[in-house]
């Protein structure tokens with residue numbers, strides 16, 4: 060396994076008899092504590108917890124835990140081959156659950172997994188609970204050293220492809236720093252299932268709602284879950300463990316369910332996850348720990364369908380259009396709407412690109428590295444009433460790559476811009492430095508413009524053929540954009 064490295068301090072905890080001495084030995088240091096009096100599980104056992112000193116030396120270490128039982132005997136557990144590094148939580152629905160075996164270049168990725176022995180992986184079982192619980196109800200894959208066997212498990216089982224690729228790429232960029240990856244995801248699930256009741260309340264959502272799962276694969280027999288069920292059973296049990304950060308890939312199930320609330324639910328989920336982890340680890344987990352996410356990819360072959368995906372993508376940025384921003388600190392993302400794959404499958408196999416983009420963003424935001432991590436971001440929009448053109452200026456490292464002229468739309472119908480049929484195309488007709496000029500449709504010439512948007516479709520372009528990318532890293536697209544004048 061991997062425990063959180065210095066400057067943070069790791070917490071080790073477990074169950075045992077009440078009011079009994081528990082000692083922990085690691086290297087040449089011994090720690091001691093008394094287990095609590097109140098029972099913490101169905102067996103009547105109590106919790107003991109020990110905070111370690113900060114460990115900058117990665118190890119490996121053996122950890123020996125001994126408790127003196129009521130009859131005077133000693134009970135000892137030894138955990139072997141423990142490393143100190145950075146621990147990341149990976150959660151969401153099926154695109155996070157999608158395994159390495161399911162993606163492009165899976166064979167090569169799996170065969171090379173043994174080259175990364177300092178990456179350790181763990182996958183939780185799919186189990187719900189109506190109340191927060193201290194211990195997982197099931198484990199799919201216990202802590203394992205990265206290998207073809209531990210990474211190349213069955214389809215949609217283990218190991219999460221996005222989790223693995225993100226972890227592998229930051230491991231390489233950080234000169235082989237140990238990385239612990241905890242995958243805890245469930246396909247077809249809405250965000251409300253992953254939120255504590257307090258977060259739901261803040262967004263005006265009842266904690267008593269049942270959510271019908273979107274069936275897929277081996278989990279098609281599942282009927283419904285209550286709000287907070289997965290926070291209780293698949294997140295809360297990890298919140299005594301000090302972590303460095305989390306990554307998230309979810310939103311498809313909210314494209315038609317509480318879609319308008321997603322900016323609230325997503326921001327509140329992040330807030331309460333951070334608070335819970337910080338409080339339950341004695342504030343040793345950063346209250347603003349880095350949180351990365353994958354902006355929704357594609358869902359259909361029809362570029363004419365607007366659907367709910369564009370709204371979710373926008374709400375994923377808390378209605379700003381980019382992250383990090385001032386609404387929720389230390390959040391980063393990977394844009395994925397140009398990674399179209401099989402039009403009949405909501406699970407694109409292009410996860411290496413997702414891993415690359417998310418790791419670049421994570422290196423910049425979570426590790427403060429000076430790397431390019433995002434495509435061009437809109438800095439200003441200008442137009443003159445009655446003009447045939449709109450000018451958009453971007454921020455970028457050096458320049459922008461205008462790959463094709465399409466994907467822009469304008470609306471000149473005032474409050475009726477809520478009707479998607481009233482948006483008309485605007486074509487990128489020229490580019491100068493960081494500014495592009497759009498030529499608007501004849502139906503809006505001479506009229507006041509009320510709105511501008513970019514890539515506002517479920518599947519807005521062919522593979523890596525969005526209009527705008529970074530000029531210096533041409534695998535970094537500009538995110539979707541919306542502005543109402």
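In this note's numbering, the protein residues as written are 60 to 544.
Using N, Cα and C, we set each Cβ at its ideal position, and we do this for glycine too.
By how many angstroms is the C-alpha of residue 413 removed from the C-alpha of residue 160?
16 Å
Continuous alpha helix (DSSP H) assignments of at least 4 residues falling wholly in the stretch 160 to 190:
Segments of the alpha helix (DSSP H) lying fully in the stretch 160 to 190: 165 to 170.
So residue 419 is in the alpha helix (DSSP H); what residue range does that whole segment cover?
410 to 424
CB-CB length for residue 331 against residue 268, believed under 8 Å
Their Cβ separation, rounded to whole angstroms, is 17 Å, which puts residue 331 and residue 268 out of contact at 8 Å.
Give a yes or no on contact between the stretch 349 to 364 and the stretch 404 to 422, applying the rule of three or more CB pairs nearer than 8 Å.
yes
With H, G and I counted as helix, E and B as strand and the rest as coil, what does DSSP make of residue 341?
coil
Helix, strand or coil, according to DSSP, for residue 479 in the structure here?
helix
Measuring CA to CA, which of 529, 500, 426 and 316 is closest to residue 488?
500
How far does the alpha helix (DSSP H) with residue 232 in it extend, from its first residue to its last?
Element bounds for residue 232: 220 to 232.
How would you call residue 86, buried or exposed, if buried means at least 16 neighbouring beta carbons within 10 angstroms?
exposed
Going by beta-carbon coordinates alone, are residue 435 and residue 453 separated by less than 8 Å?
Closer than 8 Å, so yes.
Residue 544, buried or exposed, once every other Cβ within 10 Å from all chains shown has been counted against 16:
Burial call: exposed.
With distance defined between alpha-carbon atoms, name the residue in 193, 64, 450 and 83 nearest to residue 101.
193
Whole angstroms is fine: what's the gap from residue 372's alpha carbon to residue 539's?
8 Å
Spatial neighbours of residue 136 in its chain, beta-carbon cut-off 7 Å, leaving aside the 5 residues before and after:
124
How many Å lie between residue 385 and residue 140 at the Cα?
Spanning the two alpha carbons is a distance of roughly 41 Å.
Sequence ranges, beta strand (DSSP E) only - wholly within the stretch 452 to 479, length at least 3:
459 to 461 and 467 to 470
Length at least 3, wholly inside the stretch 75 to 128: the beta strand (DSSP E) runs in chain order
80 to 85, 88 to 93, 105 to 110 and 120 to 127
Residues in the same chain with beta-carbon distance under 7 Å from residue 168, minus the five sequence neighbours each way, listed in chain order, please.
159
Mind checking which residues open and close the alpha helix (DSSP H) that includes residue 391?
First-last for residue 391: 390 to 393, but that is the beta strand (DSSP E), not the alpha helix (DSSP H).
Who are the near neighbours of residue 504 in its chain, counting only those whose CB is closer than 7 Å to its CB and skipping five residues on each side?
447
Cα-Cα, which of 226, 117, 111 and 184 is closest to residue 411?
Nearest C-alpha to residue 411: 226.
What does DSSP give as the partner residue(s) for residue 485 in the beta ladder?
467 and 499
According to DSSP, is residue 531 helix, strand or coil?
coil
Endpoints, alpha helix (DSSP H) assigned at residue 154:
Taken as a continuous stretch (DSSP letters only), the alpha helix (DSSP H) holding residue 154 covers 153 to 156.
I need the DSSP call for residue 536, collapsed to helix, strand or coil.
Reduced to three states, the DSSP call for residue 536 is strand.
Residue 242 - partner residues in DSSP beta bridges
Partner residues in the beta bridge of residue 242, as assigned by DSSP, are 149 and 182.
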